[in-house]
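Which chain is which? The protein sequence lines are A and B, in order. Just so we're aligned: the first sequence equals residues 1 to 351 in full-length UniProt numbering. Just so we're aligned: the second sequence equals residues 1 to 351 in full-length UniProt numbering.
2 protein chains.
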Amino acid sequence: MARRRQAVTIRHVAADAGVSLQTVSRVINNEPNVRPEMAERVQASIARLGYVPSIAAQRMSGSRSYLIVALNDRERTLADWRSRQGSDWVNQMLLGGMLTCAAHGYRMIVELVDTHSAHIERELSGAIAALQPDGVILTPPHSANPLILDFLEKRQIVFARIGSSAPGPGFALSTDDEGAARDVTRHLIDLGHRRIGLIAGSDEYEQSAWRVAGWRDAMAAAGLDTAGLLAPGDFSFASGTRAAQALLDLPSPPTAIIASNDQMALATLDVTRERGLAVPDALSLVSFDDTPIVRYTHPPLAAVSQPIADVSARAAQLIIDRTMGRPVDGEPLVIPSTFVPRGSIAPPPSR
Amino acid sequence: MARRRQAVTIRHVAADAGVSLQTVSRVINNEPNVRPEMAERVQASIARLGYVPSIAAQRMSGSRSYLIVALNDRERTLADWRSRQGSDWVNQMLLGGMLTCAAHGYRMIVELVDTHSAHIERELSGAIAALQPDGVILTPPHSANPLILDFLEKRQIVFARIGSSAPGPGFALSTDDEGAARDVTRHLIDLGHRRIGLIAGSDEYEQSAWRVAGWRDAMAAAGLDTAGLLAPGDFSFASGTRAAQALLDLPSPPTAIIASNDQMALATLDVTRERGLAVPDALSLVSFDDTPIVRYTHPPLAAVSQPIADVSARAAQLIIDRTMGRPVDGEPLVIPSTFVPRGSIAPPPSR
DNA sequence: ATGAAAGCGCTAACAC
DNA sequence: GTGTTAGCGCTTTCAT
């Protein structure tokens with residue numbers, strides 16, 4: 001194996017510029033107490049030699065590690081990747097996170113941790129100890145896992161919670177799921193729907209409750225009853241099938257269904273097909289997530305699109321700013337989702 | 001900002017177990033010259049204290065960095081992520097790569113580098129200097145970029161080339177695109193097709209030429225002419241549209257078209273729709289990649305599915321083995337693609 | 001404003 | 001088999 005030694009070190013730069021290591025270090029880190037002309041000379045040497053600091057060495061000396069860990073749920077992420085159903089959550093997270101990180105010399109590194117693991121603290125602790133990241137971005141359902149939150153808070157690690165709206169330790173960033181659910185429900189009501197069913201997501205996700213709340217809210221505001229119209233689900237296709245069947249078996253079935261994610265919406269679409277129910281003529285259908293495939297189903301599904309890339313970009317930015325010691329607004333951040341109407345919605349069938 | 005110091009270091013373990021640092025180090029790295037009972041005692045201390053080595057420190061001392069960089073083309077990857085067309089190349093790469101890495105205490109870290117950049121060596125060099133990875137996994141088109149290959153070889157960095165079949169520096173791993181193209185073409189010929197068009201991919205990708213070769217080969221073996229049936233493309237939707245139009249404008253148009261990727265196949269599907277050509281009755285259509293959405297088009301597209309997860313898992317394994325000093329077979333590796341027949345293929349229309 | 005010294009956590013090289 | 005020493009590349013003290 002090749003001896004791996006840094007080709008160009010701070011020492012080379014210092015020698016080349018005729019200054020001390022310290023001065024070079026100050027220039028690299030934009031620290032004060034360097035005369036402009038000195039700084040310029042050092043910069044020239046850096047450019048000439050093609051010097052890039054080793055993040056391992058920076059980390060070792062007690063400074064930043066320039067690493068941000070994005071913590072995703074192992075089970076769910078792997079299931080998504082294996083099923084190849086086009087879930088692009090991780091892609092969107094990387095899109096926002098990596099670009100923001102790159103702009104500041106940071107790297108984003110994806111870690112999979114099982115939120116149900118009995119040893120979750122050990123797993124997390126291991127990842128932290130090995131990587132020594134400057135910050136951690138939590139994604140649902142980790143964002144609401146008290147074991148993880150406590151651990152990070154205790155260790156004083158800077159972190160962000162994506163999909164959380166509560167204040168508390170760590171930056172909270174959410175996508176206004178309640179508002180989105182309310183808007184969608186209102187949209188359907190405006191189309192003339194009176195019985196609108198909701199297929200809920202897993203309780204483990206905070207979003208699930210918000211979506212239910214938004215739907216309830218809009219229904220109540222319109223004076224509509226929700227009794228029996230809430231079907232439990234867990235984001236899986238199978239649970240979507242069960243929920244859709246339950247809703248459509250109702251004595252007075254809904255004329256519109258909102259599914260809390262795309263997989264359950266696809267399941268619902270399948271159920272309607274089996275029953276010979278036309279979408280959107282006999283049943284309107286809306287989903288959450290807006291993964292790529294819902295644009296290709298027949299009909300394409302109207303969906304709530306969530307700005308995951310924006311959210312993860314903001315999360316990374318907050319962590320970087322905080323790490324750099326810049327003043328940061330720690331208030332919970334809400335980045336609105338958008339409703340994308342497509343062919344799966346229409347006025348209810350006239351009786 | 002919180003002072004970031006390792007909570008438990010090798011020193012704590014050594015003290016706890018009553019041995020020297022070196023012995024602990026040997027145990028961590030599974031090195032010889034440690035009596036089983038000693039090793040056991042050390043392991044016990046490690047477990048009790050929850051010790052995990054800092055990879056920064058390991059790197060610093062000239063050992064492994066436990067990092068593998070996966071180098072993807074910046075422009076194309078970002079375009080895929082932004083367009084949200086369900087391209088799951090990166091997901092599949094992470095699936096295979098991350099799991100293999102994790103099994104050996106490694107991490108995979110995605111880097112985006114523009115293969116066309118004038119400063120590509122500088123970009124690469126910066127990433128290497130900052131991260132000091134133990135190995136690099138090249139993806140197309142980087143796998144065939146001589147600037148990158150030379151750079152890595154010169155620096156004696158262990159690397160793998162995904163999508164390359166030529167021997168040479170670095171491990172070559174490919175998916176038998178030529179064989180897959182041959183099989184698909186033969187499949188169509190067996191269905192009765194005589195005029196089979198091919199929409200080629202970008203020249204920048206080695207795969208493009210192989211797919212053409214496989215198609216040519218199968219056509220020749222069946223005594224069929226390919227004159228005029230090869231349409232250039234560059235993997236983009238727009239190029240697919242142009243290519244499909246050119247093929248279908250032929251005096252004697254093909255009864256089947258093979259597109260070198262899903263986007264161009266989708267474009268072809270659109271063109272057929274505009275022209276009122278029924279797929280598969282009037283035209284059979286096959287694509288390469290098998291991204292999630294092609295299962296949801298109407299009709300769903302038959303496609304060549306490539307084992308990206310397997311390939312990246314093998315690539316990571318090769319790098320890790322080599323880094324660990326284990327004997328490794330450096331021969332080019334071929335992991336076959338599989339053809340997934342779906343509703344878009346049928347016998348040609350009878351005249 | 002600049003430099004010198006010490007040390008981060010770990011492993012290579014060398015003793016014993 | 002085990003321990004000791006030196007040093008990786010950088011930043012943090014603390015001098016000057």
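From the three backbone atoms N, C-alpha and C, an ideal C-beta is built for every residue, glycine too. None of the values given here were measured: they were computed from a predicted structure.
Quick one: what's got a C-beta closer than 8 Å to A:ALA346's C-beta in the same chain, skipping five residues either side? LEU191, PRO280, ASP281, SER284
Taking DSSP as the reference, what is the three-state secondary structure of A:THR241? helix
Leaving out five residues before and five after B:SER125 in sequence, what residues of the same chain have Cβ atoms less than 8 Å from its Cβ? PHE151
Is the Cβ of A:MET60 closer than 8 Å to any Cβ of chain B? yes
Report the three-state DSSP secondary structure of B:GLU204 (helix, strand or coil). coil
How big is the Cα-Cα spacing for B:LEU99 and B:ALA313? 8 Å
Measuring only the C-alpha atoms, how far is residue 355 of chain A from A:ILE308? With chain A represented from 1 up to 351, any question about residue 355 of chain A goes unanswered, as that position is not in the structure.
Taking all protein chains shown into account, decide if A:PRO349 is buried (16 or more other Cβ within 10 angstroms of its Cβ) or exposed. exposed
Since B:THR100 meets chain A, which of its residues come closer than 9 Å, beta carbon to beta carbon? Those within 9 Å of B:THR100 in chain A number zero; the least Cβ separation is about 13 Å.
Starting from B:ILE137, follow the beta strand (DSSP E) in both directions and report where the run begins and ends. 135 to 138
Within 8 Å of any Cβ in chain A, is that where the Cβ of B:TYR106 sits? no
Cβ neighbour criterion (16 or more within 10 Å) applied to residue 402 of chain A: With chain A running from 1 to 351 in the structure shown, residue 402 of chain A is simply not present.
Tell me the start and end of each unbroken alpha helix (DSSP H) in the segment 280 to 345 of chain A that is at least 4 residues and wholly inside, in chain order. 308 to 323
If I follow the unbroken alpha helix (DSSP H) through A:GLU75, where does it start and stop? 74 to 83
A:GLY97 versus chain B: which residues are under 9 Å apart at the beta carbon? Chain B residues near A:GLY97: none, gap ~10 Å exceeds 9 Å.
Spatial neighbours of A:ALA238 within its chain, please: CB distance less than 8 Å, with the 5 preceding and 5 following residues excluded, ordered by chain position. ALA267
In the DSSP assignment, the alpha helix (DSSP H) including A:PHE151 goes from what residue to what residue? 146 to 154
Short CB-CB distance (under 8 Å) between B:ALA278 and chain A: no
Inter-residue Cα distance where the pair is A:CYS101 and A:VAL8: 24 Å
Counting only C-beta atoms, is B:GLN317 closer than 8 Å to chain A at any point? no
Between the segment 166 to 182 of chain A and the segment 102 to 116 of chain A, are three or more C-beta pairs nearer than 8 Å? no
Under the three-state DSSP convention, the category B:GLY97 falls into: helix
Could you list which residues in chain B have their beta carbon closer than 9 Å to that of A:ARG82, in chain order? LEU95, ALA309
Cβ neighbour criterion (16 or more within 10 Å) applied to A:PRO327: exposed
Assigned secondary structure, A:ALA222 (DSSP; H/G/I helix, E/B strand, else coil): coil
Report all residues from its chain with a CB closer than 7 Å to the CB of B:THR272; omit the five preceding and five following residues, and keep chain order. VAL279, LEU283
Under a CB-based cut-off of 8 Å, is B:HIS12 close to chain A? no
Measuring only from the beta carbon, is A:GLY179 closer than 7 Å to any heavy atom that is part of the ligand COA? The ligand COA is not part of this structure, which contains no ligands at all.
Segment limits, beta strand (DSSP E) that includes B:VAL111: The question names Val, but residue 111 of chain B in the sequence shown is Glu. Element bounds for B:GLU111: 107 to 113.
Check B:ILE162 in the structure and name its three-state DSSP category. strand
Chain B contacts from the UniProt domain "HTH lacI-type" (8 to 62) of chain A (Cβ-Cβ distance under 9 Å): VAL8, GLY50, TYR51, VAL52, PRO53, SER54, ILE55, ALA56, ALA57, GLN58, ARG59, MET60, GLY62
Would A:GLN207 be called buried (16 or more neighbouring beta carbons within 10 Å of its own) or exposed? buried
Report the partner residues of A:LEU67 according to the DSSP bridge assignment. A:ARG107
Does any CB atom of chain B fall closer than 8 Å to the CB of A:ILE293? yes
Contact criterion: CB-CB distance below 8 Å. Does B:VAL328 meet it with respect to chain A? no
For the structure I just gave you, are there three or more beta carbon pairs, one from the segment 72 to 80 of chain A and one from the segment 66 to 82 of chain B, closer than 8 Å? no
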